[in-house]
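Participant: Residue numbering for the sequence shown follows my numbering, starting at 317 and increasing by one per position.
Glycine included, every Cβ here is placed at the ideal spot set by N, Cα and C.
Being a predicted model, the structure only gives us computed values, none of them experimental.
Dropping the structure in here first, questions after.
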Amino acid sequence: MSTHNVWTHKGTFLLAAVGSAVGLGNLWRFPYLAGENGGGAFILVYALTIFAVGIPILIAEILLGRNSRRSPIMGMRFLTRTHSASRRWEVIGWLGGISAFLILSFYSVIAGWAIHYTWKMLTGSLTGASAETISAGFDALLASPARLTLYHTLFIIASGLIVGLGVHQGIERGLRVIMPALFVILLVVLAYGVANGDFPAAADFLLTFNIADLSLEGWLEAMGQSFFTLSLGMGAIMAYGAYMSGEVSLTRTAIAIAVVDTAVAIVAGLAIFSLVFGAGLDAAQGPGLMFVTLPLAFAEMPAGGLIGGIFFILVLGAAISSSISLIEPVAAYLVERFDLTRPQAVFAMAMATWALGLLTVISFNLWSEESVFHGLFGRSAFDLFELLTNIFMPLGGMLIALFAGWALTPSEVVKEMGTNGGWFTTWRFLVRFIAPAAVAFVFLRAIPQVGGYLLPAIGAVVIVGAFAAHRTLLTEAGQTH
Numbered sequence: 317m318s319t320h321n322v323w324t325h326k327g328t329f330l331l332a333a334v335g336s337a338v339g340l341g342n343l344w345r346f347p348y349l350a351g352e353n354g355g356g357a358f359i360l361v362y363a364l365t366i367f368a369v370g371i372p373i374l375i376a377e378i379l380l381g382r383n384s385r386r387s388p389i390m391g392m393r394f395l396t397r398t399h400s401a402s403r404r405w406e407v408i409g410w411l412g413g414i415s416a417f418l419i420l421s422f423y424s425v426i427a428g429w430a431i432h433y434t435w436k437m438l439t440g441s442l443t444g445a446s447a448e449t450i451s452a453g454f455d456a457l458l459a460s461p462a463r464l465t466l467y468h469t470l471f472i473i474a475s476g477l478i479v480g481l482g483v484h485q486g487i488e489r490g491l492r493v494i495m496p497a498l499f500v501i502l503l504v505v506l507a508y509g510v511a512n513g514d515f516p517a518a519a520d521f522l523l524t525f526n527i528a529d530l531s532l533e534g535w536l537e538a539m540g541q542s543f544f545t546l547s548l549g550m551g552a553i554m555a556y557g558a559y560m561s562g563e564v565s566l567t568r569t570a571i572a573i574a575v576v577d578t579a580v581a582i583v584a585g586l587a588i589f590s591l592v593f594g595a596g597l598d599a600a601q602g603p604g605l606m607f608v609t610l611p612l613a614f615a616e617m618p619a620g621g622l623i624g625g626i627f628f629i630l631v632l633g634a635a636i637s638s639s640i641s642l643i644e645p646v647a648a649y650l651v652e653r654f655d656l657t658r659p660q661a662v663f664a665m666a667m668a669t670w671a672l673g674l675l676t677v678i679s680f681n682l683w684s685e686e687s688v689f690h691g692l693f694g695r696s697a698f699d700l701f702e703l704l705t706n707i708f709m710p711l712g713g714m715l716i717a718l719f720a721g722w723a724l725t726p727s728e729v730v731k732e733m734g735t736n737g738g739w740f741t742t743w744r745f746l747v748r749f750i751a752p753a754a755v756a757f758v759f760l761r762a763i764p765q766v767g768g769y770l771l772p773a774i775g776a777v778v779i780v781g782a783f784a785a786h787r788t789l790l791t792e793a794g795q796t797h
């Protein structure tokens with residue numbers, strides 16, 4: 317029997333899923349990737365992949381969550397049993413849970429940087445600061461394990477408190493405050509960028525579509541970003557889908573999530589690049605765009621300290637809305653599997669990710685050079701965790717598409733989707749063939765970076781997934797005839 321509740325309002329799932337999708341990926345990763353890969357050409361590929369790959373898998377993941385009414389791990393166990401499918405498909409739930417656990421461990425460390433910059437901005441510490449001063453300040457932050465640990469701890473506590481209060485009192489109530497506030501703040505920052513920056517240059521940079529500016533690597537980056545921005549393959553959407561009312565349209569909700577997520581990313585890009593170009597700074601600054609280039613732009617503009625502080629509050633809110641979705645899949649599993657109370661489950665998840673996050677903290681300072689960890693894995697803890705999630709998430713997404721496309725019966729999918737027309741046929745084709753193939757490109761892009769010790773395990777999982785899909789297809793064909 318499922319222990320899950322249902323969202324008290326039909327629109328809450330949309331709010332929760334958008335909260336999960338809108339995070340540092342939109343405000344931090346998207347702008348610097350667009351800056352590095354030619355702007356508008358990157359966005360074109362990104363948007364096309366969102367609608368051809370992201371939405372079909374998003375529908376599939378919500379469908380699995382709503383159909384099982386359980387956490388991703390227990391949900392996949394339930395679905396394999398009720399559909400007489402191979403138990404190997406349960407790996408989908410485990411990949412999602414592990415991905416959420418790993419991502420939160422380093423995500424909270426990076427989100428903690430926004431706490432530092434919110435304080436610096438609001439106190440006026442960076443007003444009029446030079447590029448050298450701001451760059452040195454960022455380096456000093458990374459070099460301090462004590463400060464990084466403090467911010468990491470504060471962020472984990474804030475996220476855990478929201479989820480620990482429960483689905484209705486915690487997650488729902490928190491998102492109803494956080495998400496509207498984020499949209500308002502984003503528009504304020506955009507208006508400030510239009511008034512004090514170079515908005516025409518930003519619009520020209522982001523919205524001029526010239527495919528010649530985009531390399532093959534840029535294409536893959538755009539496809540990867542479109543997949544990761546929707547929080548696919550990490551269990552969050554499946555966990556939230558378990559609380560979704562059966563009356564809500566899967567298709568309309570998925571499209572709305574994708575549209576809002578893409579709009580937020582573009583508006584954030586316009587706001588950020590208006591400030592960057594207005595201050596005469598370089599748009600292709602990579603990961604330092606938010607934490608070095610933007611503070612410099614705010615430092616040179618009127619009321620920059622106040623607006624900069626408001627901007628980093630926006631970053632914090634977006635990060636928290638995503639982090640609570642990362643805690644939920646594992647916490648829900650602990651409640652269902654071990655009969656823990658929600659506060660106990662959230663505490664266990666938060667403590668474990670906090671402890672693992674300490675490895676990311678020291679990977680920027682104490683273990684930034686050669687260390688025991690480097691010797692064992694050939695890279696820092698932060699790089700390893702990011703690499704693993706870049707493998708597990710697309711792999712999980714690919715298996716979600718295959719399971720929904722091949723293992724679930726058409727009648728059941730039609731019932732969940734509420735349609736039996738051309739859209740069902742199109743979705744089924746996309747989720748069976750196009751989406752898995754496209755995600756495989758993203759997945760294979762990470763494989764050359766993986767040490768030989770991981771390749772056999774990854775290969776085994778792929779083979780098992782393909783075998784299970786083939787077996788299910790033969791069963792379905794036999795039943796039809």
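1. If the criterion is Cβ atoms closer than 9 Å, does the pair H432 and G673 meet it?
2. Using CA atoms only, rank isn't needed, just tell me which of A456, A581, L675 and G721 is closest to A401.
3. Can you look up T365 in the DSSP assignment and give me helix, strand or coil?
4. Out of curiosity, what's the CA-to-CA distance linking T439 and M495?
5. Hey, out of G490, G355, L379 and I473, whose CA is closest to S800's CA?
6. Counting pairs of Cβ atoms below 8 Å between the segment 338-357 and the segment 690-701, do you hit three or more?
7. Hey, could you find the ends of the alpha helix (DSSP H) V677 is sitting in?
8. Using a Cβ-Cβ cutoff of less than 7 Å, which residues in the same chain neighbour G798 once the five nearest sequence positions on both sides are dropped?
9. If you run the structure through DSSP and keep just helix, strand and coil, what is P516?
10. Can you list, in chain order, the residues of its chain with a C-beta nearer than 6 Å to that of F680? Leave out the 5 residues immediately preceding and following it.
11. At 4 residues or longer, what runs of the alpha helix (DSSP H) sit wholly inside the segment 379-442?
12. Counting only runs that start and end within the segment 595-659, where is the alpha helix (DSSP H) found for 4 or more residues in a row?
13. Is the separation between the beta-carbon of M390 and that of G412 shorter than 9 Å?
14. Please determine if the segment 636-656 and the segment 474-488 are in contact, where contact requires at least 3 C-beta pairs separated by less than 8 Å.
15. Looking at the unbroken alpha helix (DSSP H) that takes in S475, where does it start and where does it end?
16. Buried or exposed: I473, going by 16 or more other Cβ atoms within 10 Å of its Cβ?
17. Please name the residue, chosen from F627, S639, A613 and A587, that lies closest to A333 on a Cα-to-Cα basis.
18. What number of angstroms, rounded off, separates the C-alpha of G476 from the C-alpha of Y559?
19. When you compare the segment 499-518 with the segment 649-668, are there three or more beta-carbon pairs, one atom per stretch, that lie closer than 8 Å?
20. Report the rounded CA-to-CA distance for D455 versus T449, giving the unit in angstroms.
21. Tell me which residues share the same chain as L612 and place their Cβ nearer than 6 Å to its Cβ, disregarding the 5 neighbours each side in the sequence.
22. Could you compute how far the alpha carbon of G557 sits from the alpha carbon of S384?
23. Check whether the Cβ atoms of L630 and G513 sit closer than 9 Å, and answer yes or no.
24. Can you tell me whether G721 sits near the ligand GDP, meaning its C-beta is under 8 Å from at least one heavy atom of the ligand?
25. Pick from E563, P710, F708 and L532: whose alpha carbon is nearest that of E303?
26. Nearest-angstrom Cα distance between I623 and G339?
27. Please determine, among M550, T742, L656 and I716, the residue with the shortest C-alpha to C-alpha distance to F417.
28. Contact defined as beta carbons within less than 8 Å: I believe L522 pairs with G356. What is the distance between those atoms, to the nearest angstrom?
29. Terminal residues of the continuous alpha helix (DSSP H) containing Q804?
30. Please report the distance separating the alpha-carbon of I859 from that of V729.
31. Roughly how far, in whole angstroms, is the beta-carbon of V758 from the beta-carbon of G540, given that I think they are within contact range, below 8 Å?
32. Please look up how many angstroms separate the CB atoms of A751 and A723, rounded, as I've assumed it's under 8 Å.
33. If I measure Cβ to Cβ from S424 and keep anything under 6 Å in the same chain, skipping five residues before and after, which residues do I get?
34. Have a look at L656, A430, H325 and S565 and flag the residue whose alpha-carbon is nearest the alpha-carbon of G625.
35. Within this structure, are the beta carbons of V651 and S387 separated by less than 9 Å?
Facilitator: The relevant details are as follows:
1. no
2. G721
3. helix
4. Each residue's CA atom was taken as its position, placing T439 and M495 some 25 Å apart.
5. Given that the chain is displayed from residue 317 to residue 797, the structure contains no residue 800 and the question cannot be resolved.
6. no
7. R658 to S679
8. The shown model of the chain, from 317 to 797, leaves out residue 798, and the question about it has no answer.
9. If DSSP states are grouped into helix, strand and coil, P516 belongs with the helices.
10. L458
11. Whole alpha helix (DSSP H) segments, 4+ residues: 388-398 and 407-438.
12. 610-615 and 620-654
13. no
14. Segments in contact, yes.
15. P461 to G480
16. Its Cβ having fewer than 16 others within 10 Å, I473 is exposed.
17. Of the candidates F627, S639, A613 and A587, the residue whose Cα lies closest to the Cα of A333 is S639.
18. 19 Å
19. no
20. So the alpha carbons of these two residues sit roughly 10 Å apart.
21. For L612, where only same-chain residues beyond five positions count, the Cβ hits under 6 Å are A447 and I450.
22. 9 Å
23. No, they are not a contact pair.
24. Questions concerning the ligand GDP fall outside what the structure shown contains, since it holds no ligand whatsoever.
25. With the chain represented from 317 up to 797, any question about residue 303 goes unanswered, as that position is not in the structure.
26. 19 Å
27. M550
28. L522 to G356, Cβ: 6 Å. Contact.
29. Nothing can be reported for residue 804, as the shown portion of the chain is limited to 317 through 797.
30. In this structure the chain extends from 317 to 797, so residue 859 is not present and cannot be described.
31. Rounded, the Cβ-Cβ distance is 5 Å, consistent with contact.
32. Actually they do not touch by this definition, with Cβ atoms about 15 Å apart.
33. H468, F471, I472 and G673
34. A430
35. yes
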